[in-house]
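Number of protein chains: 2
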Amino acid sequence: MMQERLSSPTNTFSKLPAEKKAKIEAALLKEFADKGYQKASLNTVVGSLGIAKGSLYQYFANKESIFLYIFDLFTAKVKGMLQRSSGHELPQADLWQAVRRTMFAGIAFIDRYPDFYQLYLNVLFEHEVPQREELISRVRLFPMEYFGPLVALGQAQGRISRAVPLSMVVFLIDASLDRFLQGYARSYLDGGLGLATMGPSELVAEVDLLIKTLKNGLGSHEDQG
Amino acid sequence: MMQERLSSPTNTFSKLPAEKKAKIEAALLKEFADKGYQKASLNTVVGSLGIAKGSLYQYFANKESIFLYIFDLFTAKVKGMLQRSSGHELPQADLWQAVRRTMFAGIAFIDRYPDFYQLYLNVLFEHEVPQREELISRVRLFPMEYFGPLVALGQAQGRISRAVPLSMVVFLIDASLDRFLQGYARSYLDGGLGLATMGPSELVAEVDLLIKTLKNGLGSHEDQG
DNA sequence: CATCATTATGACCAGGTGGTCACAATAGCC
DNA sequence: GGCTATTGTGACCACCTGGTCATAATGATG
Numbered sequence: 001m002m003q004e005r006l007s008s009p010t011n012t013f014s015k016l017p018a019e020k021k022a023k024i025e026a027a028l029l030k031e032f033a034d035k036g037y038q039k040a041s042l043n044t045v046v047g048s049l050g051i052a053k054g055s056l057y058q059y060f061a062n063k064e065s066i067f068l069y070i071f072d073l074f075t076a077k078v079k080g081m082l083q084r085s086s087g088h089e090l091p092q093a094d095l096w097q098a099v100r101r102t103m104f105a106g107i108a109f110i111d112r113y114p115d116f117y118q119l120y121l122n123v124l125f126e127h128e129v130p131q132r133e134e135l136i137s138r139v140r141l142f143p144m145e146y147f148g149p150l151v152a153l154g155q156a157q158g159r160i161s162r163a164v165p166l167s168m169v170v171f172l173i174d175a176s177l178d179r180f181l182q183g184y185a186r187s188y189l190d191g192g193l194g195l196a197t198m199g200p201s202e203l204v205a206e207v208d209l210l211i212k213t214l215k216n217g218l219g220s221h222e223d224q225g
Numbered sequence: 001m002m003q004e005r006l007s008s009p010t011n012t013f014s015k016l017p018a019e020k021k022a023k024i025e026a027a028l029l030k031e032f033a034d035k036g037y038q039k040a041s042l043n044t045v046v047g048s049l050g051i052a053k054g055s056l057y058q059y060f061a062n063k064e065s066i067f068l069y070i071f072d073l074f075t076a077k078v079k080g081m082l083q084r085s086s087g088h089e090l091p092q093a094d095l096w097q098a099v100r101r102t103m104f105a106g107i108a109f110i111d112r113y114p115d116f117y118q119l120y121l122n123v124l125f126e127h128e129v130p131q132r133e134e135l136i137s138r139v140r141l142f143p144m145e146y147f148g149p150l151v152a153l154g155q156a157q158g159r160i161s162r163a164v165p166l167s168m169v170v171f172l173i174d175a176s177l178d179r180f181l182q183g184y185a186r187s188y189l190d191g192g193l194g195l196a197t198m199g200p201s202e203l204v205a206e207v208d209l210l211i212k213t214l215k216n217g218l219g220s221h222e223d224q225g
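If you're matching them up, the sequences are chains X and C in order. Residues 1 to 225 in the working numbering are what the first sequence lists, from first letter to last. Residues 1 to 225 in the working numbering are what the second sequence lists, from first letter to last.
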């Protein structure tokens, strides 16, 4: 009695040769990433694919379900990447190691799937994207559920300040992480760090610096390290 | 030989009675804030205003110039608010006081002009907004030019850690500030802080906590305060 | 009043959209 | 081959968009 999801393509689509399926998915992703949901044109997609519009509508019910299907591909990719990056983590792992790993996983994701990341940014802020809030929370829950327990553990062990509420710790980490990645992907958001033009090693140094700064704070301490 | 800006309305528009002008501006802002640039419909606007479409095109050259004009109103409002909030600052003012003031100014701005803030978020992330990067940098320069010198001063005086490059300090402050305000305006971005449902005094406490955390860091210190 | 400049109007246009459907092509099976 | 079920097709539809323009209304000036 499993309900078909609205984002499900028809089984005509699932029976398609893998290669053709991949091409269609890629073209759709590109269009949604480039133009956003509203301005994405299915006419353009079928044109560039060289298939008939009717075919597209034999694969999917409508534009919305097409979009949701593509976004599903994105969440699957994110999930996979996060699991791979945190999979070997020990139960009492260090929060900062986890943050570091997530950061690099994010950077790698943007490098490997720039269109998917663009799609995500579109959803974050575009109006009238179908089911926007639900889609966003689906993605944002991953890191939150991941960091929360680690912060609690760190506080219990005394390595994370107990003076700061857990929610604030998570907020700051999330904000820094997200904004760093946004700056990496869109140079005008990096606040002058120049992330877009950095080489890999510089990027690593910058990530480590950011984490160290999050840990130690911006104020000066008597014993400066 | 002053070149007319592309965003300039015709002088037909400037000669309009102030009341009518304000109504038109408000309706346009509302539409752009609600729908974003692309999906905003001028037909809807003239419909809700009860004026003819031709009139709108006697006030402005085209949709783009309409949008740029409305965005100009926004930057003017932001400029005014920032100047008012920082105007009385002493030359050797404290960075953290400045951050605090900017934070509250931002909150007040969102409360007072939610549509303008929405407009800004649209521009930040929507595709194919005319001159997007230029518009964004126009707004983002304000706080950056403001905080940069204060950070440098703080580092010279030894109150801000000299171990952290100025650009990183500015990045973290900017990211926290921006994200906090985004979370305040869009609850699904607040990372669980629950900003949207807070009363004013709670909000003040949260801002102070955030600033204190930025200063002291997330790690625990022997002398915990 | 008449004359002229300015402003308001809305029917109209070309272009694009998501979506449909009668039909053509193909594939599988006997 | 012939028959059926599935898949591919693109002309077509209603709808909406930003933008135009001939014309009407209004205001100013004498």
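From the three backbone atoms N, C-alpha and C, an ideal C-beta is built for every residue, glycine too.
For the alpha helix (DSSP H) that residue i lies in, which residues bound it at each end?
i, result
"X:Val129", "It is not in any alpha helix (DSSP H) - X:Val129 carries neither H nor E in the DSSP assignment."
"X:Lys15", "Where X:Lys15 is concerned, there is no enclosing alpha helix (DSSP H), given that its DSSP letter is neither H nor E."
"X:Arg179", "166 to 185"
"C:Leu56", "53 to 59"
"X:Gly47", "42 to 49"
Compute the Euclidean distance between the alpha carbons of residue i and residue j, then round it to the nearest angstrom.
i, j, result
"X:Ala76", "C:Gln155", "45 Å"
"C:Gln58", "C:Phe13", "8 Å"
"X:Leu56", "C:Ala185", "38 Å"
"X:Val207", "X:Met103", "7 Å"
"X:Gln157", "C:Gly219", "11 Å"
"C:Phe109", "C:Phe71", "15 Å"
"C:Ser48", "C:Ala61", "20 Å"
"X:Ala22", "X:Leu73", "11 Å"
"X:Arg179", "X:Asp190", "7 Å"
"C:Gly50", "C:Lys20", "11 Å"
"C:Tyr37", "C:Lys53", "18 Å"
"X:Arg132", "X:Leu124", "7 Å"
"C:Leu243", "C:Glu134", "Nothing can be reported for residue 243 of chain C: it is not among the residues displayed for chain C, which extend from 1 to 225."
"X:Lys15", "X:Lys63", "20 Å"
"C:Ser201", "X:Gly148", "26 Å"
"X:Glu145", "X:Leu82", "12 Å"
"X:Gly225", "C:Ser161", "In this prediction, X:Gly225 has a pLDDT of 36, which is less than 50 and means its spatial position is unreliable; what the coordinates show is noted afterwards. Roughly 10 Å between the two C-alpha positions."
"X:Arg159", "C:Ser8", "57 Å"
"X:Leu199", "C:Ala18", "The sequence given here has Gly at residue 199 of chain X, not Leu. Each residue's Cα considered, the two are about 54 Å apart."
"X:Gly183", "X:Asp174", "14 Å"
"X:Ile24", "X:Asp34", "15 Å"
"X:Thr197", "C:Thr44", "43 Å"
Could you work out which residue in the options is closest to residue i when comparing CA atoms only?
i, options, result
"C:Arg84", "C:Gly106, C:Asp72, C:Gly199", "C:Gly106"
"X:Ala98", "X:Asn216, X:Ile211, X:His221, X:Phe125", "X:Ile211"
"C:Tyr113", "C:Lys15, C:Asn11, C:Ala26, C:Pro9", "C:Ala26"
"C:Lys39", "C:Asn122, C:Pro17, C:Ser167", "C:Asn122"
"C:Leu42", "C:Glu128, C:Ile66, C:Gly80", "C:Ile66"
"X:Glu31", "C:Met81, C:Gly54, C:His127", "C:His127"
"X:Gly80", "X:Asp111, X:Leu119, X:Phe142", "X:Phe142"
"X:Val204", "X:Lys53, X:Leu166, X:Leu82, X:Arg100", "X:Arg100"
"C:Asp111", "C:Leu181, C:Ser167, C:Gly192", "C:Leu181"
"X:Thr10", "X:Tyr69, X:Ala163, X:Glu202, X:Thr197", "X:Tyr69"
"X:Val164", "C:Val164, C:His221, C:Pro165, C:Ala163", "C:His221"
"X:Ala93", "X:Thr44, X:Lys35, X:Leu153", "X:Leu153"
List the whole-angstrom C-beta distance separating residue i from residue j, where the pair is believed to meet the contact cut-off of C-beta under 8 Å.
i, j, result
"C:Leu29", "C:Phe116", "7 Å"
"X:Leu95", "X:Val46", "Rounded, the Cβ-Cβ distance is 48 Å, inconsistent with contact."
"X:Gly217", "C:Gly217", "3 Å"
"C:Gly192", "X:Val170", "6 Å"
"X:Phe172", "C:Ser176", "It should be pointed out that residue 172 of chain X corresponds to Leu in this sequence rather than to Phe. Indeed they touch by this definition, with Cβ atoms about 7 Å apart."
"X:Tyr188", "C:Ser137", "6 Å"
"C:Val78", "C:Val139", "6 Å"
Give me the DSSP bridge partner(s) of residue i.
i, result
"X:Ile211", "Paired residue(s): none; X:Ile211 is not in a bridge."
"C:Ile236", "Any question about residue 236 of chain C goes unanswered here, given that chain C covers just 1 to 225."
"X:Ile70", "Looking at the DSSP assignment, X:Ile70 forms no beta bridge with any residue, so it has no partner."
"C:Gly219", "X:Ile160"
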